[in-house]
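Okay, structure first, notes after.
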Amino acid sequence: MGGLPGGPVDRSQHEVEDWERLADAINGALEGRGLQTTDQHRRAIESLEDYRHLSYYERWAAATERLLVEKGLLTSEEIDERAAQLERRWS
Amino acid sequence: MSEHHPHEETARSPYAARIRAIEALLLEKDVLTEPEVQDRISYMEARSPANGAKLVARAWLDDDFNELLLSDGKAAASALGMDPEHPAEFVVVENTPTIHNLIVCTLCSCYPRAILGRPPDWYKSFEYRSRAVREPRAVMREFGFEPPEEVEVLVHDSTADVRYMVLPMRPSGTEELGEQELARLVTRDTLVGVSVPLAPDHPIPADA
Amino acid sequence: MTYEPGDRIRVVPAGKPGHVRTPSYLRGKSGWVEAVIGPFPNPEDLAYGLSGLPARNLYKVGFKQVDLWDDYEGQAEDILYADVYEHWLEPGEGGTA
């Protein structure tokens, strides 16, 4: 990414949302347990097809999900199902 | 866990539900425990640019500490009760009358989180990551800072396991100030290198 | 290959697939070794769950900005540093740092 042309730097700061804090925390906790490493997480972020369309913490969460599924700790289906349940509960 | 705010309805990311689903599932399967997750949340909340400001202020007042900070950043941080990350290195680079340092991570957003907490959004932006290496002076200008003609700009791209922080120069007219007052002049942006410390009579912004 | 501070180096020009920690803007560029940082397990292997051993030497490498960008707007003495692993470096042409 270094050296590519770019527009002005947006200096606004968004309030970190609770889910973003959670994404950070889950990552840290998994690393603490030795279940993933920083390098694995970076590689997973880089491999995301929609890298350019996701926000910073969306990339983090998507990469953590990818690693958990890759390692067989969770399946995409159970994540989909539980996420859908939560969305229904919230609306 | 968090309140659902109606005005955010259309803006809420689908990843909010996904990460909560992941949390719930990992707790149910005993992969992680609730205290572990809470500890990590507290860990990040406890870290902030105030730590960096403290390191800088101490270095300005104490030559031995200054030397330690520049030769062994982790030891200096530990000496002030901070907990730097392992196995990453923590290196502090010094501004002088002829050198100004700027930190970036073009590959992702490496930042000394264990000392300073979360990086600002702009640091993680594609624009900063692409332009800071190629046109550092133009980027700094956008932040309202222009190094004088005779100053060399050194950009550090944190491409590996080293995390960098800038030790800015002590502003003039601060001879009477104590450590806490000096620390208040050092902003988060100054520690990355896009600006220099506030002047002693400058009003302190709420969040810098 | 072990380098000392002051050695001229060039970043290996070719890219390679997978997770790499040497930015593309440095490929094929010439600079110098500023400092030896020390040995670390190779992050390019760690990224795939491998041990990353044997450890590789990590170097702080300097480049003149005017050597990196044709349109560099700044002083001739401005420098860019990056932390680069030994296997991404090859000896560069002679000259003063």
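Chains as they are written, first to last, in numbering that gives the first Met the number 0: chain A, 0 to 90; chain V, 0 to 207; chain Y, 0 to 96.
We put the CB at the ideal spot given by N, CA and C, even for glycine.
A quick note: this is a predicted structure, and the numbers were derived from the prediction, not measured.
- At what residues does the beta strand (DSSP E) containing Y:Trp31 begin and finish? Ser29 to Phe39
- Looking at the structure shown, is V:Met139 part of a helix, part of a strand, or coil, going by DSSP? helix
- Query: For the beta strand (DSSP E) that contains Y:Leu79, what are its first and last residues?
  - Reply: Ile78 to Tyr84
- Message: Below 7 Å on C-beta distance, what does Y:Ala46 contact in chain A?
- Response: Asp38, Gln39, Arg41 and Arg42
- Measure the CB-CB distance between V:Phe89 and V:Pro111 and report whether it falls below 8 Å. yes
- In this structure, does DSSP put V:Met43 in helix, strand or coil? helix
- Residues bridged to V:Asn100 (per DSSP): V:Leu153
- Message: If you reduce the DSSP assignment to three classes, tell me which class Y:Arg9 lands in.
- Response: strand
- Exposure of V:Lys73, with buried meaning 16 or more beta-carbon neighbours within 10 Å: buried
- Item | Classification of V:His85 by the beta-carbon crowding that lies within 10 angstroms, buried from 16 upward | exposed
- Query: By the 10 Å Cβ neighbour count, where 16 or more other Cβ atoms means buried, how is V:His4 classified, buried or exposed?
  - Reply: Residue confidence for V:His4 is low, a pLDDT of 42 falling below 50, so the modelled location carries little weight and cannot support an answer.
- Item | Integer-rounded CB distance, given that V:Glu145 should sit under 8 Å from V:Ala56 | Going by Cβ atoms, the distance from V:Ala56 to V:Glu145 rounds to 25 Å, so no, they are not a contact pair.
- Message: For chain Y, check one thing: does any of its Cβ atoms lie closer than 8 Å to the Cβ of V:Asp160?
- Response: yes
- Between the segment 44–54 of chain A and the segment 49–69 of chain V, do at least 3 Cβ pairs fall closer than 8 Å? no
- Task: Measure from the alpha carbon of Y:Pro4 to the alpha carbon of each residue in Y:Ile36, Y:Pro12, Y:Pro22 and Y:Gly27, then state which is nearest.
- Result: Y:Ile36
- Counting contacts by CB-CB distance shorter than 8 Å, is Y:Pro42 in contact with chain V? yes
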